[in-house]
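Quick notes on the structure that follows.
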Amino acid sequence: MQRVVLHTSVLVSGVRSRAGASHVVLRIVAARALIPIATPALFLEYEDVLKRPEQRAISGLSIKQADDLLAALASAIEPTLVHFTWRPQLLDAGDEMVLDAAVNGRADALITHNVGDFAAAGARFGLPVLRPSELLERMGPWVLTL
1 MQRVVLHTSV LVSGVRSRAG ASHVVLRIVA ARALIPIATP ALFLEYEDVL
51 KRPEQRAISG LSIKQADDLL AALASAIEPT LVHFTWRPQL LDAGDEMVLD
101 AAVNGRADAL ITHNVGDFAA AGARFGLPVL RPSELLERMG PWVLTL
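For the sequence shown, this note's numbering gives the first residue as 1, with consecutive numbering after it.
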């Protein structure tokens, strides 16, 4: 089973729209067919972003629904700690924690909508950086049955 780090952009997109690849990725996680990896800092970012008023206005999630989603995600996550960091690697310092989670957790891939931001660093660490749609293509057509 693949172990991946989900960039916050994937989580947000998956919650905002049921029509896209990001939502399918979240369904695969819920079905326990994909193992998300996260550090405490990354999970706290997930919580912060999902609970922002502007995000909740678009997604339609209440605080309770956001908490329920986060609890379900937490139950699926393989936690990892940052034992070593290679900063700076990225132009956006806020994304360094995502790369830290992927490298320290020995992820099979980092899933993001910002592939260009992570591509060079991913290559340095032998870490595939994929869009949600690319992950689904690699997993095969069976994922669409979830």
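The C-beta atom is built at its ideal place from N, Cα and C for all residues, glycine as well.
Rounded C-alpha distance that separates residue i from residue j
i, j, result
"residue 105", "residue 4", "9 Å"
"residue 42", "residue 142", "29 Å"
"residue 115", "residue 65", "29 Å"
"residue 140", "residue 87", "34 Å"
"residue 59", "residue 125", "34 Å"
"residue 6", "residue 31", "16 Å"
"residue 2", "residue 133", "15 Å"
"residue 84", "residue 34", "25 Å"
Pair within 7 Å by beta-carbon distance, residue i and residue j
i, j, result
"residue 36", "residue 76", "yes"
"residue 99", "residue 121", "yes"
"residue 39", "residue 82", "yes"
"residue 17", "residue 113", "no"
Own chain partners of residue i with C-beta closer than 6 Å, once the 5 adjacent residues on each side are dropped
i, result
"residue 135", "111"
"residue 26", "14"
"residue 109", "4, 128, 130"
"residue 70", "47"
For residue i, three-class secondary structure by DSSP
i, result
"residue 10", "helix"
"residue 3", "strand"
"residue 63", "helix"
"residue 109", "strand"
"residue 141", "helix"
"residue 132", "helix"
Close beta carbons around residue i, own chain, < 8 Å, minus the five adjacent residues each side
i, result
"residue 90", "96, 99, 117, 118, 121"
- prompt: Along the chain, which unbroken stretches of the beta strand (DSSP E) at least 3 residues long are found entirely within the region 20-59?
  reply: 35-38
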